[in-house]
Amino acid sequence: MKTNSLGLRLMGLAFIMVTISLIMAGVILQTLFVDNLERSVRNDLDAALTRLVALIDPDRADPTILAPLPDPRYEVPMGGRYWQIEALDGEGVARSRSLFDQQIDTAQAPDGNAFHWINGEGLHLILVSRTVEIVNKRFRVTVGEDHDRIHQAGMQYGWDIAKLFSLLGIVIVGAAWAQLRLVLRPLDRLRNAVDDVRRGEVARLEGKFPSEIEPLVDEVNGLLAERETLAQRGRRRASDLAHGLKTPLAALHGIAMRLRDRGDEAEATSIDELALEMSSRVDYQMRLASLRTRTGEHHESSSLNTAILRTVTVLRKTESGEQLHWMVELGDEVHVDIHRQDLMELVGVTLENACKWARSAVVVQIFREADVALLKIIDDGPGIPPKEIQKLGRRGARLDENVPGTGLGLAIATEILDLNAGSITYAEAPRGGLAVTLRLPLARR
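Counting from 1, position 76 in the sequence shown corresponds to residue 76 in full-length UniProt numbering; the numbering is continuous, with no gaps.
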């Protein structure tokens, strides 16, 4: 995808939104998990505190319990569960063996409030503290549990959630990509349909498209129809103009003949040349209009070998062609994606140009290169200076006024190739003369 791709933007947005959503969901779930775990611990501590209060010896002024609590963690130093009883009316503190030499500072702990407290090195507790009165004696009873266990459980839960959400994120992004491809598939079909129109396989966009794209398809089809109407109108006008000029041109030829009969040869020749130039240009436009009419209806499969052989056969019978040595190297049969009449026109004008300029020989060769056919035509004529080669193929360009012609032959060849996705190049031949290379699209199999 390109950087300005709609699909890339949507996928980037989906990735960002999914990532943010999963991170937020993970943080919320981990927070809820820790809160629920702490709530459960507080409930256990409340129950333990109630049992501890019931075990306080009411007959003694100093805090003493009648029996140990059943949880063995109270008896192991730093075992994770702790209790402490302070005498508020006197002196004395009783605490579990798990506190070892530590003492819980409950000065900031209001009755019944559970909170985190750090006291001593690495002792992070969650506490429940309550003031009780037993036989007119008041005690501060505190029960706590090491919060590290909750912290570790929360971290492990967060890590598990991260792994799960990572996998879930991959699945969601993959599903988003699949959905995006499904949504953009009509655009791919639209692009292919436009490409079919561009290649000339169809005259308008065809197929069923979603209702969101259908208005665009209708607009494009309307534009294509309008352009085709304008093109046909232009071709009709060109044809009408060409036919309209035929009569004046014929009249000019008649005037030239009468002038010649009267002995005014120079004036007659001038009129004939002018009429011939005008007639050739009219014929050129008519041929181009015919090419544009035929091009683009559907794919063609025309034999390049046959077109060459027929053209060479005709040129060999001409006055200039019968004096040349024709070396035709065709090889295997090659079919190109050009209308048969257009191909005959193309091969005809290029070989006719070589025949006109060659001194003794013309070489015709066919090569294959990827999905194109190369037609190479080499003559041994006088050649063209390198700075003049770029002028070849321009409409009406004549590099030697002494040689008969209108300079439109190679221009027609260029037009045909442009209309059929081909190209033409000119170069100096190894032994002098001109080498013309035509690149023609191969026919589809």
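Glycine residues also receive a C-beta, built at the ideal position from the N, C-alpha and C atoms. Because the structure is a prediction, the values reported are computed rather than measured.
Would DSSP call residue i helix, strand or coil?
i	result
residue 390	coil
residue 33	helix
residue 100	coil
residue 42	helix
residue 67	coil
residue 356	helix
residue 139	strand
residue 86	strand
residue 133	strand
residue 327	strand
residue 339	coil
residue 158	helix
residue 184	helix
residue 73	helix
residue 300	coil
residue 448	Nothing can be reported for residue 448, as the shown portion of the chain is limited to 1 through 445.
residue 366	strand
residue 189	helix
Using only alpha-carbon positions, find the residue among the options that is nearest to residue i.
i	options	result
residue 99	33, 81, 361, 373	81
residue 59	89, 444, 135	135
residue 377	178, 159, 346	346
residue 303	385, 157, 161, 338	338
residue 46	91, 90, 126, 97	126
Between which two residues does the alpha helix (DSSP H) containing residue i stretch?
i	result
residue 239	214–261
residue 201	No alpha helix (DSSP H) contains residue 201, which DSSP labels as neither H nor E.
residue 333	Where residue 333 is concerned, there is no enclosing alpha helix (DSSP H), given that its DSSP letter is neither H nor E.
residue 312	304–316
Can you give the Cα-Cα distance for residue i and residue j, rounded to whole angstroms?
i	j	result
residue 7	residue 383	54 Å
residue 64	residue 43	24 Å
residue 217	residue 187	11 Å
residue 241	residue 342	23 Å
residue 14	residue 167	16 Å
residue 254	residue 283	19 Å
residue 348	residue 203	29 Å
residue 215	residue 195	19 Å
residue 79	residue 12	50 Å
residue 209	residue 225	19 Å
residue 432	residue 335	30 Å
residue 412	residue 249	22 Å
residue 310	residue 316	10 Å
How far does the beta strand (DSSP E) with residue i in it extend, from its first residue to its last?
i	result
residue 413	First-last for residue 413: 409–419, but that is the alpha helix (DSSP H), not the beta strand (DSSP E).
residue 426	423–428
residue 95	93–95
State the beta-bridge partners of residue i as determined by DSSP.
i	result
residue 441	372
residue 51	Per DSSP, none; premise fails for residue 51.
residue 153	None, per the DSSP bridge assignment.
residue 347	In the DSSP output, where bridge partners are listed per residue, residue 347 has none listed.
residue 432	430
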